[in-house]
Structure formats: C-alpha cells, structure tokens
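See structure below.
Residue numbers (this note's numbering): 1 to 165.
Below, the structure written as structure tokens:
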C-alpha cells in the first residue's frame, strides 16, 4: 500500500526518521554505558543493565521501522512540502538546537551559567518583545538557574556541574 497524500507521506517520513534517530541514540548510549566502571565483587559491570535497555530500545525501533515499511512501503514526498512544514516548526527546531548546545556546554560552563544563558535566550526568542517581558525573562532565568543548583547542593547533597575555568 503506497502512501499517496503528501501530508501522510510527510508524517510517515518523519516517523521513520524518528525511529532511526532514537535507535542510533540508544546504540550510542549503550556504547557509553559499556564504559561504566566494573566492580571486583560483582559478576556484571554497572553498565550491563543500561546496555540491555538501550539495545532493546534500538531493536524495538528497528522492528517498528521495518514493520511500517513492510506494511506501507517507503514514503514518497516532495521536498517543497517537507520544507514548508519544516519552516512552520522553526521555533521547535530552534529550541531543540539550543537545548543540544546547552547540554554540550554545561560541563565546561557549569550548571548556573549554561542554564541561565539557555533560559534567557529561549525566553527572548519565544516571548513578546516588551520591557516587562525582558525583566520577567531575566528574573525567571536567574531563579531557575540558581534555585535548583542550591536546592540540589544544600538539600540533596548532589552537586551539579561547576564551571571548568
């Protein structure tokens, strides 16, 4: 059964792409979990259970993709329709890229600085450009970057990443 509608084809293509991305991410995490330290007294290392979970997720995504392709065939869609839909999601894509940068920079810049910058940039991008919203955005960024840091360090004794410079 071939997918004829452009909207259905785009949805199917994005679904197959999500299966691939999740499977590759799970395999990467399984590889990273294998580097967890092993115990002298335990027969299995600390990474065995996470590896089992991540490999299972990758297998399930592969099975879902193969099942979807076997039932409906490969999706056929035009580039112009896909591009129009992608442009409509520019706020989502911007925040996804910003979040990936935030996670990548956190080990170097520390939790407080990277969280403050992430929240401030995201709010400036999404909020209306008024003087009061700028003040609110700065207040929210300060509150939600320092608040959790001190909550975790003082109450839970869990230390979030600190700046490396």
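By construction, the Cβ of each residue, glycine as well, lies at the ideal position given by its N, Cα and C atoms.
Just so it is clear, the structure is predicted and the values come from calculations on it, not from any experiment.
- In this structure, residue 119 and residue 153 do not form a Cβ contact; the two beta carbons are roughly 19 Å apart against a cut-off of 8 Å.
- Around the CB of residue 77, 16 or more other CB atoms lie within 10 Å, so the residue is classed as buried.
- In the DSSP annotation of this structure, residue 165 is not part of any alpha helix (DSSP H), being labelled neither H nor E.
- The shortest CA-to-CA distance from residue 50 to any of 31, 148, 114 is the one to 31.
- About 18 Å separates the CB atoms of residue 124 and residue 109; that is not less than 8 Å, and the two are not in contact.
- The region 58-73 and the region 17-33 touch, with three or more beta-carbon pairs separated by less than 8 Å.
- For the pair residue 105 and residue 114, the CB atoms are nearer than the 9 Å cut-off.
- For residue 85, the enclosing alpha helix (DSSP H) has its first and last residue at 79-88.
- Rounded to the nearest angstrom, the gap between the Cα atoms of residue 46 and residue 54 is 14 Å.
- Here residue 91 is exposed, its C-beta having fewer than 16 other C-beta atoms within 10 Å.
- Here the C-alpha atom of residue 96 lies approximately 22 Å from the C-alpha atom of residue 143.
- If you ignore the 5 residues before and after residue 10, its C-beta comes within less than 8 Å of the C-beta of 75, 77, 81, 82, 85, all in its own chain and listed in chain order.
- By the criterion of a C-beta distance shorter than 8 Å, residue 57 is surrounded in its chain by 22, 23, 26, once the five residues flanking it on both sides are discounted.
- Across the structure, residue 129 and residue 71 are spaced so that their CA atoms are roughly 48 Å apart.
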